[in-house]
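The structure appears below as structure tokens.
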Amino acid sequence: MHINPDHYLETEHGRVFTDEGNQLAWERCFADLEEELDGNANIQRVYLLIGAQASGKSTWAKEKNNSEPDNIIFDAILVKKQERKSIINLIHNKKIAIIAIVFHTSLALCLKRNETRALDTRVDESALRNVFNAIEMPSLDEGFREIIVYDAG
Numbered sequence: 001m002h003i004n005p006d007h008y009l010e011t012e013h014g015r016v017f018t019d020e021g022n023q024l025a026w027e028r029c030f031a032d033l034e035e036e037l038d039g040n041a042n043i044q045r046v047y048l049l050i051g052a053q054a055s056g057k058s059t060w061a062k063e064k065n066n067s068e069p070d071n072i073i074f075d076a077i078l079v080k081k082q083e084r085k086s087i088i089n090l091i092h093n094k095k096i097a098i099i100a101i102v103f104h105t106s107l108a109l110c111l112k113r114n115e116t117r118a119l120d121t122r123v124d125e126s127a128l129r130n131v132f133n134a135i136e137m138p139s140l141d142e143g144f145r146e147i148i149v150y151d152a153g
């Protein structure tokens, strides 16, 4: 299962970002995660994707979801330890392996990829820079079984 808050921001007019919509999108992601954890006995791994916008997370997630449809890919920026904590706590109760995938992508490449996105999915350059600079590397102490650094360009 591929969980991404951006999926819930899509409208018939494209992706629409609002504070309220973003909050509801995150609530739906947590509800989807809980439902999948409770209802899918075949889950062996949950992948938490960590990286700036346009770093390659969603592309990786789509490919991984095709090859591991029973596992969960939580596809969001999740750059700070505090942002990951509630997700990890929820999964830990289920005794499922949690794997961090850290997207090692240069800021220049993220900015370049962002420029090629559709207008409604493009991220403000200053916001992308702020997220890139805020990345906190995950540690096993957070509850990850494994941390993989993925060179996405």
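Numbered by the UniProt record's numbering, the letters in the sequence shown go through residues 1 to 153 in order.
Glycine included, C-beta positions come from ideal geometry on N, C-alpha and C.
- Ile98: member of the beta strand (DSSP E) spanning 97-104, first to last residue.
- According to DSSP, residue pairing for Val123 in a beta bridge does not occur.
- Remark: C-beta atoms of Ile88 and Asn71 do not approach each other more closely than 8 Å.
- Taking Ile3 as reference, the option from Glu125, Thr11, Thr18, Lys57 with the minimal CA-CA separation is Lys57.
- When C-alpha distances from Asp19 are compared across Gln82, Pro5, Val149, the shortest belongs to Pro5.
- It is roughly 20 Å from the alpha-carbon of Val123 to the alpha-carbon of Cys29.
- Per DSSP, the beta bridge partners of Asp75 are Leu49.
- For Asp141, the three-state secondary structure derived from DSSP is helix.
- Nearest in C-alpha terms to Asn65, of all of Asn22, Ser55, Leu49, Val79, is Leu49.
- For a cut-off of 8 Å, the C-beta gap from Ile148 to Ile99 is around 7 Å, short enough to register as a contact.
- Gln53 is a Cβ neighbour of Leu128, given a cutoff of 8 Å.
- Apart from the 5 residues on each side of it in sequence, Gly153 sits with its Cβ closer than 6 Å to the Cβ of Thr105, Leu109 in its chain, given in chain order.
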